[in-house]
Structures are given as structure tokens and as C-alpha cells.
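Undergrad:
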Amino acid sequence: MRKIIKFVPLVLLIVVCVFFLLFIIFEKDPSNPPSALLNKEMPKFSTPSLYNKNIKLSSDNLKKNVNLSVNTNVFTVEDNIEKYTLINFFASWCIPCRAEHKLFFEIKEDFPNVFLLGIAHKDSPADSKKYLIEEGNPYSFVGLDQNGKIALEFGVFGLPETFIINNDGKIIFKHMGLLTKKIIDDEISVLF
Amino acid sequence: MKFQYFFKYIFYFCFILSSNSALSIDNLDYKVKELTLELRCMTCQNQSIYDSNSDFAQDIKILVEDKFKEGLSEKEIKVFLTKRYGEYILFKPYFNIKNLLLWLFPFILLLFSLGFFIKNLKKN
Amino acid sequence: MISLIGFSSLCLSAFFSILFLIPNSIFKINIKFFLLFFRFSTILICISFCSLITAYVTSDFSNFNVFQNSHSDKPLIYKISGAWGNHEGSILLWLCMISIYGFVYSLMSKSLYDFKINVLKIQSSIFLIFAFFIIFTSNPFLVNSIEVNEGLGLNPILQDPALAIHPPMLYLGYVGFSLVFSLGIASLLTKNDDKNWIIETKRWSIISWTFLTAGIALGSYWAYYELGWGGWWFWDPVENISLMPWIVGLALVHSLIMIRGEQAIERWIIFLSILCFSLSVLGTFLVRSGILTSVHSFASDASRGLFILLIFFLTTGFGLLVFLVKSPIKKNHLNLLLINKTSALIINNILMVIAMLTILLGTIYPIIIEVLTNTRISVGGPYFNSTVLPVLLPGFLLMSIAPALSWQSNKIKKFRVYVVFFLILSFFAFIHSYFTVFNTWGFLGLILGSWIILASIISIVLRFKLLISLSYIKSINSFIAHIGVGLMILGITFSSIYQKEYNFNISVEEEININDNVLKLENIQVIEKENYQSLKVLFSLRKKGELIDYILPGKNYYPVSKMITTEAGIYHDWLKDIYIILGNEENNTWNIKIYLNPLVSFIWIGVCIMIFSGFIAIFKK
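Protein chains in written order, with numbering that gives the first Met the number 0: chain A, 0 to 191; chain B, 0 to 123; chain C, 0 to 620.
#1: With DSSP collapsed to three states, give me the class of Asp113(C).
#2: Mind pulling the chain B residues with CB within less than 8 Å of Leu36(A)?
#3: Tell me the DSSP secondary structure of Asn112(A) in three-state form.
#4: Within the 9 Å Cβ cut-off, does Tyr87(B) reach chain C?
#5: Can you grab the Cα-Cα spacing for the pair Val69(A) / Lys528(C), in whole Å?
#6: Is it buried or exposed, Phe463(C), if we count other Cβ atoms within 10 angstroms and call 16 or more buried?
#7: Roughly how many whole angstroms lie between the Cα atoms of Ala403(C) and His253(C)?
#8: For Glu622(C) and Ile215(C), I'd like the C-alpha separation in whole angstroms.
#9: Are the CB atoms of Ile106(A) and Phe162(A) within a distance shorter than 9 Å?
#10: Considering only C-alpha positions, which residue in the set Ile268(C), Phe37(C), Leu9(C), Leu391(C) is nearest to Leu92(C)?
#11: Please confirm whether Leu11(A) and Leu323(C) have their CB atoms less than 9 Å apart.
#12: Which runs of the alpha helix (DSSP H) fall wholly inside the segment 384 to 435 of chain C and span at least 4 residues, in chain order?
#13: Does the distance from the CB of Gly230(C) to the CB of Leu157(C) come in under 9 Å?
#14: Hey, does Thr292(C) have any beta-carbon neighbour from chain B nearer than 9 Å?
#15: Counting only beta-carbon separations shorter than 9 Å, does Glu37(B) have a partner in chain C?
#16: Between Lys173(A) and chain B, is any beta-carbon pair separated by less than 9 Å?
#17: Identify whether Thr75(A) lies in helix, strand or coil by the three-state DSSP scheme.
#18: Excluding five sequence neighbours on each side, which residues of the same chain lie with their C-beta closer than 6 Å to the C-beta of Lys30(B)?
#19: What is the DSSP secondary structure of Asn64(A), reduced to helix, strand or coil?
#20: Considering just the uninterrupted stretch of the alpha helix (DSSP H) at Gln42(B), what are its terminal residues?
#21: Answer with yes or no whether the minimum CB distance from Val416(C) to chain B is below 9 Å.
#22: Can you pull the chain B residues whose beta carbon is under 8 Å from the beta carbon of Ser377(C), in chain order?
#23: Who pairs with Trp589(C) in a beta bridge, going by DSSP?
#24: In the DSSP assignment, what residue or residues form a beta bridge with Glu640(C)?
#25: Any contact between the segment 344 to 360 of chain C and the segment 394 to 409 of chain C? By contact I mean 3 or more CB pairs, one from each, below 8 Å.
#26: Which same chain residues, not among the five before or five after Asp515(C), have their C-beta less than 6 Å away from its C-beta?
#27: Do you know offhand how far Leu103(B)'s Cα is from Val484(C)'s?
#28: Counting Cβ pairs closer than 8 Å, one from the segment 562 to 577 of chain C and one from the segment 536 to 554 of chain C, do we hit at least three?
#29: With 8 Å as the limit, tell me which residues of the segment 571 to 583 of chain C have their beta carbon closer than that to any beta carbon of chain B; keep them in chain order.
#30: Would a check of beta-carbon distances place Phe104(B) closer than 9 Å to chain A?
#31: Run through the DSSP bridge pairs and tell me what Ile94(A) is partnered with.
#32: Is any beta-carbon of chain B found at less than 9 Å from that of Tyr382(C)?
#33: Report the rounded CA-to-CA distance for Ile17(C) versus Ser123(C), giving the unit in angstroms.
#34: 9 Å is my cut-off, CB to CB: does Pro95(A) come that close to chain B?
#35: Along the segment 62 to 75 of chain B, where does the CB come closer than 8 Å to a CB of chain A? Name the residues.
#36: Three or more C-beta pairs under 8 Å: does that hold for the segment 590 to 602 of chain C against the segment 498 to 506 of chain C?
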């Protein structure tokens, strides 16, 4: 018994150092926690359009076999084609959002089967509209989340944040902070 | 031998007193405060939701209050939040299989050392 | 130019360190000259650090480090303290201290040459690893590639006197343990039976521990008075990191004070010596590698993290290996009765080590879980309060009577006196709890804190001599130290459990009444400073109509980073603190939080007494 105890500190040292090594090598970022919602079903929500409060998009609309209604003024996708939705939380007062905004036009061009849902988080409709006029509107649909409840449902606490949902309604990608070309090339394009 | 009484005395007191503090207070503010003290403000450096003045903290405070008013228990609210923000938002980790080592570690050590102490005592 | 001097002296000092490590058989010079290499290395590293400070004082922005962290408008003291307010400068200070500790030891030590040289060789090796770390990954003498007129570093939060001395004090503690480590390992490697090393280890560990106590206290003091979060301890990862060597250092100091020649305790002391420094290096790793977020995180990158991890692995591994291989096998028997001094010492050590391991596990558990499962959990204050405090509780209870215990028997002199006083005390504590809030922790803290103080006073009185000489103070030193701890426990208990919190909405000229204290919002001042806007709300504190003091909580707005920081307004006297934090403002009405913290001063007084007692202990035989 005594012999085993003698080796415990050394063994513990090695184990602990291995964990630290792995943590550094995996490039974990302490300020960016891994998402709790990854690979889980997206939360239910419903959001009115920025341009017409009577038109509402609900989470069900984003799933397969559910056609987007003609009233939402967007194109519908055939049943047998893979449908993906990219949800981007933004606001006119969010500076990094402006920086990543152009990338969404590229995504729209490169991946036409992706439905781009922009959600204006805690923003007045007037400011959001102005922002989209200034920077252009790449989104297929712009929804409002003035009280922040939708963001809360998605576990968002800082802007911008981007999610990708597959046609089963599962969240397959989440990114906190600015999107960059590198992230799109390395992580997003492989999903489609 | 007198020390045995000494220690017993202390522990009996603890028992009596712990039953008193188990009285729960139904006050909503108190419940919100107790829970938000255990929640992490995700946009701050290590502050609790209760202590922080940030936007996020205010949102969560309102959410917690609403959920209490809807009748949810503290545990249910924690589950609601961890589903969305992960267990990271809790300052006090869950007592589940993953965290078993964390919670039991000090008490296992205490037991071992008690054993060691008694064994060495017997030698004398 | 200065950067060149700094860098070359740094490299030269490393070179002399290497020279010192070459075995004497190859060099074939007199041992006395051999020591010159080591001492020369120290002088060189001091020159190096002084050149960094000179660069800061002269605002030499051609040095990249100075450019990033200083500004010509900074007051002189803060220019100097800016030298160690960043990663590169602080680790250079660390390196400097490693060498200085060795230097002072080489001058003061009365041990045999063999032993002395071994100690210095290990100290040199530690010096070298850190020197390489600086030269290759954290060089403070890098030259700025662009021409600049002004520096970037004018963060007012960092311009505070307590914060300026906090790092050097801490480092004096951490690095002091490097000498203790060297002493322990040297005692294993040197073949002699001279027990002088125990006396030396005792001296240096008490010195290191005292500095570490002062460093931690300064940090807490600053956090309470400046940070405005309403507290002085947050179980923040970096605070935990400083607490671990402190706790083990305390166990080490107790073991050293109580050793009577038992070989088992000698082995334990060496183990603790290795452990203390390993924890210091582990702490350095956790803070500077960037794997933990906290208020303290330095900017970091992976290569630095990996290098320090290597340093940690090498030093701790080496220490443990030597301990394993060279430790004497002779078993020795401990005079362990149920409650004599030896058993009290053992219990103390066990509880401290358990407390330290709990804190360690709690701090690194999130890292382990994230590597294994890719989910993140956090282990915060509530966890440590539920686990570490109960473990320490029996320790506090034992602390009250431990100095009065005997070595040989289970008896305490005048035991009945203690029992009677304890019963009277618990009666009063009971009454107190009855008339205020009934809280388990409050009651426990009150009774433990006051009992420790009372029992120590009883012991002092029982040993009272008419003449108060230095030797008398030395003999009651342990009681003094414990009184300090008791005061601290009382202060902690009262300021946390019996803290009262009030929320108010108030506008100018309005008054608030709390107990007898009348707080009136007199006016609001907005001042424009160089790079921030300062808003201060002036409160007057009156009691029975008489003006006692003014309290100034405030907020600062930094336009460049768009950050708002809150500064607490504090009024403190011996019995309580009134702590005001500004919330948000709406229509000229301010939302404020007022905390009434009783007995906060006791915490600081208790710590000062502990530090005083540490000084006295250095001179005890």
C-alpha cells in the first residue's frame, strides 16, 4: 500500500499535464464556451417580419416538408431538396455585425439553397431598416426580436451570433462573434 | 475523553441550527436573489447575474422573475437556462455523474485521512 | 540603447548561470571563486531589470514593451510599477527575484559548502529555465519597429498604490518558495547529517509565506476598495491559485515550527517544500497560458503556454523524482496520542492539504471536463464555500486550543478554565444569534472566531510575566498569530453573513435613513479627464445631525473602448463599512445599492497581525 502511495503524486502530475497539453493543443478558447445547443433541436420561436408585422415566420417553417408560405414573400424550396437555414442575430448598434455583413451576400451567391434568416435583436425597426438600406439586405427574411426573448431561447448573449439549422430542425453549427472568410471556407461550406 | 464531549456539543448545535435555516422564505425577491447569485453573467468576467449591471444580467434577472411567477421551481429554471447556455452558466455545478468526482473528492479524502489517523493512533 | 543593455545583461546573466552549473571537477578552481559566478549572474540580472525600469521612467518608446504599457503622462510611481504590470516585465521581475534570493542565501547561510553549493545549483537551474523562457518567448527588450511619440498604456484602473505593490509582494512569496524548494532537494542530495537545513528552511519559508500573505491581502484590499464588486474574495481562478501555495506554505511553516527531530516529519517537510513551489509554478502557468479567464489574465499565446507547462512539468517532476528516489526509508514512529501537539500538527497538515487539493480540483476541473466531453462547466464560489469551509472548520476549532496542548500527554494545563470560558462564550453567542438573524454559518463563525481569540488570550494570560521582553513575545507568538486568524474569521463572518443590503432610487437633495445613519445625495459632478469621463455622486453621511464624512461612488466612461466602470464609494470605521454602488439612472433618479458591512476592518487588522507574527517568527530559533 505504501509503495503505491509513493507514486501517486508523480502519476497525478503526468495526468494533469496531459490534460493541460490537450487543452492548449485543441485551441480551446476560454472566452468562447462550446455551445449547449449544438446537435439539439432548435428552440420554437416565431418572429414577425421587419417590413410587415402581420407576416410571421415560425420555427416550423424552417423544417423539411413544410413549405414556406407564399405570404412571406420568399421563394419556396422543393420537398426533396436539402433545405438549410442560416440564422444570424444582428443589430444596427452592433459594430462587428457591420464587418461581417458583406459575407452574407457571398454565402447567398455560393449556396442558393440556404435560407438566410436575419434577426434584428433589441433594435428599433426604424434603425434596422436604415441599417439594411445602408449595408444592403442579403437576408431572405428579416425578423424582429425587440425584447430579446428569441435570443434568450437560442442561448445568445452577445452579438453577432450565427446558427445553421438543417431541415430536421437540428442546430448543426453555431458561431459566436464575427464570421470570417476562413470560417466560411473551413467550417460552413463543408456542411452543405 | 473530555474532548469527545467537546466535539459532540458542537455538532449537536449544528444539527439544531441547520434545521432552522432550512426554513424557506417565500418572498419572490429573496428567491430571485438566491438563484441569480448562483448564475454566471456570461458577458462579464466572473460576476454573478445578481451582482452585474450588464444588459445580459438584467435580461436574465427579468427572465428568472417571470419564471418564478409562472410557478417554476428553482431547479426547473436552472434546467431551462442550462439547456440554452450550457452548465457553464451555473456557478455551482450539478451533482451528476460527470461531476461526481468533483463533489465527493473532499469527503473521500477526509475519510481516508481519518482512517490513516486512527491507524497510526492504534500503533501507540 | 537601454533595451540593448537590458537584453545583453539578461543573456550574460544566463551565461554565468550556466558556468556555475558546470561541475567543479571540470573547472578546478577554488570553491570561493565558484560562488562568484552565481553572484555575478545576480548582479547582471539586476542590471537588466533596472534597465527596463529606466526605459519606463524615461518613457523610451523605442522599447516595444514600454510602448505598449506606458504613457508619458503617467505619474512616476506608476511608470515604475508599469514595468511589472505586464507579462514580460513581471516575469523578468520573477527571474530577478529568483537570483536575489539565491544571492542573499549565499551570503547568509551558515551551512557546509557542499550543501550550500547544491542549493545554489538547483536555484541556478530554476533561474536558467525561466531565463530561457524570457529570452525565447517573453522578451521585454524587443525593439519597436515603428517610430512613435507616445505610448498606449494609460489605463487608470491600474494606477493605484495597492495594485502597484501587489505583484512584487506576491512574487516575493512565490519565488521565496523556490529557495525553499532548492533547500529541500539539496537536503536529499547532500550526504550529511547536519540539521541546519531545517532551521534555514524554516527561516526562508516563513519569509516567503509572510510576503505571500501580504500580497494576497493587498490584492483583496484593492478588489474591495477599487473594483466595486462589493466583495474582497470571489474564488476567481487566479485568487485560488495564490491561495493554494499559501495554504501549503502555512502547513509547511507549522510543521517546521513543531518538528522535534522525527524523521517522518522531516520527509513530510521536504515534500511540502517541493509542493509549495510546484503550486507557485502551476499558478504561473494557469494565469499566463491563457487557459483560464479571469480578471487577471495576461495576454497570451500557445507557445508561451506550452513553455511554462514544460517548466512546471520539469520542476515538479524533478522534485518528485528526487524525493521518491532519495528519500530515507527508515520508518520513524510518531508520538501520536489522541490530542497532543503532534496529533494536532498532523490534523492541521491533513486538513490543509485536503483544502488545497479541493481548491485545485475545483479550479482545473472545468479544463478536464472540457477536454473529455467538450462541454463547459464552471466551478464558482458556491462550490468552494460548500466544500473548503466545512473541511477547515475542525481545523479552526483545533487551532483555538492547539498551542496549549502538550507533547506527551492528552492533558491541557488548566483545562477547566478553558471549558468554563467556552461555555460562557457560547451562551453569549447564542443570545446574539437569537436577537439577530439565526444562521448556522453566522453562529459557527462567531463562536469559532471569538473562541480562538479568547482561548489564545487565556493562554497568554496563563503565561504572563511582568516583564514584556522580546523573548516573551516570541514565546507567545503563536497565540498572537491565532488571535489574528480569529479576528479575520470574525470579520469574514460578520461582513458576509450579517451584511445588510439596501436598494434605493434617489435623486438630488433626497435623503435615506438607515438605522441612525442619514445619507443625503448632495450633488453630481462630471469631470473630464485626459482619456475618460468621470462621474461622481456626492453623498453626505450624518449621524444625529452631525456630519461624519462624504462618500463618493462614481462611474467612469472611456470613450475609446466604450467601457463603463463603476467605482464604489466607501465609508469605513472600525465597526462597519458603508459601501455604495451606483446603478443606472433614469430621469435624474439614480438606482443605488447600499451595503452595510459590519466588522470589515477586522479582516485587515487580523491579516496585519498575522504578518506581524510572521516577522517575529523569522527571528525565533
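Built from N, CA and C at the ideal position, the CB exists for glycine as well.
TA: Let me spell this out:
#1: As a first step, residue 113(C) is located in the third sequence; it is residue number 114 there, counting from the start. If DSSP states are grouped into helix, strand and coil, Asp113(C) belongs with the helices.
#2: Looking up residue 36(A) in the first sequence gives position 37. Under the 8 Å cutoff, chain B gives Lys82, Arg83.
#3: As a first step, residue 112(A) is located in the first sequence; it is residue number 113 there, counting from the start. Three-state DSSP puts Asn112(A) in coil, outside helix and strand.
#4: Residue numbering aside, residue 87(B) sits at position 88 when the second sequence is read from its first letter. Chain C, which has a Cβ nearer than 9 Å to the Cβ of Tyr87(B), makes this yes.
#5: What you label residue 69(A) is simply residue 70 of the first sequence in a count that begins at 1. What you label residue 528(C) is simply residue 529 of the third sequence in a count that begins at 1. Bear in mind that a pLDDT of 44 at Val69(A), under 50, signals an unreliable position, so the model cannot answer this.
#6: One-based indexing of the third sequence puts residue 463(C) at position 464. Exposed, by the Cβ-count rule.
#7: What you label residue 403(C) is simply residue 404 of the third sequence in a count that begins at 1. What you label residue 253(C) is simply residue 254 of the third sequence in a count that begins at 1. Cα-Cα distance, rounded: 15 Å.
#8: No answer is possible for residue 622(C): the residues shown for chain C start at 0 and end at 620.
#9: Residue 162(A) sits at position 163 when you count from the first residue of the first sequence. Residue 106(A) sits at position 107 when you count from the first residue of the first sequence. It is not a contact, given that the beta carbons lie outside the stated cut-off.
#10: Counted from its first residue, the third sequence places residue 92(C) at position 93. Of the candidates Ile268(C), Phe37(C), Leu9(C), Leu391(C), the one whose C-alpha sits nearest the C-alpha of Leu92(C) is Leu9(C).
#11: Translated into the one-based positions of the first sequence, residue 11(A) becomes position 12. Translated into the one-based positions of the third sequence, residue 323(C) becomes position 324. No, the pair does not count as a contact, with Cβ atoms beyond the cut-off.
#12: 414 to 434
#13: By one-based count along the third sequence, residue 230(C) stands at place 231. By one-based count along the third sequence, residue 157(C) stands at place 158. Against a cut-off of 9 Å, the Cβ pair of Leu157(C) and Gly230(C) comes out as no contact.
#14: Within the third sequence, the letter at position 293 stands for residue 292(C). Thr292(C) counts as touching chain B.
#15: Locating residue 37(B) in the second sequence gives position 38, counting from the first residue. So, interface residue.
#16: Counting from 1 along the first sequence, the entry for residue 173(A) is found at position 174. Taking Cβ atoms only, chain B never reaches closer than 9 Å to Lys173(A), which makes this a no.
#17: Working through the first sequence from its first residue, we reach residue 75(A) at position 76. At Thr75(A) the pLDDT is 48, less than 50, meaning the model places this residue with poor confidence and gives no usable figure here.
#18: As a first step, residue 30(B) is located in the second sequence; it is residue number 31 there, counting from the start. If we look at Lys30(B) and ignore the five residues flanking it on each side, its Cβ neighbours are Phe67.
#19: Locating residue 64(A) in the first sequence gives position 65, counting from the first residue. Only weak support is given to the placement of Asn64(A): the predicted model assigns it a pLDDT of 49, under 50, and the value that follows is read from those uncertain coordinates. Reduced to three states, the DSSP call for Asn64(A) is coil.
#20: Indexing the second sequence from 1 puts residue 42(B) at position 43. The amino acid occupying residue 42(B) in the given sequence is Thr; Gln does not appear at that position. It is not in any alpha helix (DSSP H) - Thr42(B) carries neither H nor E in the DSSP assignment.
#21: As a first step, residue 416(C) is located in the third sequence; it is residue number 417 there, counting from the start. Closer than 9 Å: no.
#22: As a working mapping, residue 377(C) is identified with position 378 in the third sequence. Residues of chain B passing the Cβ test: Arg39, Glu86, Tyr87, Ile88, Leu89, Phe90, Pro92.
#23: Start at 1 with the first residue of the third sequence, and residue 589(C) comes out as number 590. The partner list for Trp589(C) (beta bridge, DSSP) reads Ile505(C), Glu584(C).
#24: The displayed coordinates of chain C run from 0 to 620. Any statement about residue 640(C) would go beyond what the structure contains.
#25: yes
#26: Numbered from 1 along the third sequence, position 516 holds the residue referred to as residue 515(C). Lys542.
#27: For this step, residue 103(B) is matched to residue 104 along the second sequence. For this step, residue 484(C) is matched to residue 485 along the third sequence. For Leu103(B) and Val484(C), the distance between alpha carbons rounds to 28 Å.
#28: yes
#29: Gly582, Asn583
#30: The count along the second sequence starts at 1 and reaches residue 104(B) at position 105. No - not a single Cβ of chain A is within 9 Å of the one on Phe104(B).
#31: Residue mapping note: residue 94(A) aligns to position 95 of the first sequence, counting from 1. Bridge partners of Ile94(A): none, in fact.
#32: In the third sequence, residue 382(C) corresponds to position 383, counting from 1. Chain B contact via Cβ: present.
#33: Along the third sequence, read from residue 1 onward, the residue named residue 17(C) stands at position 18. Along the third sequence, read from residue 1 onward, the residue named residue 123(C) stands at position 124. Distance between the alpha carbons of Ile17(C) and Ser123(C) is about 8 Å.
#34: Taking the first residue of the first sequence as position 1, residue 95(A) is located at position 96. No, no contact with chain B.
#35: Leu62
#36: yes
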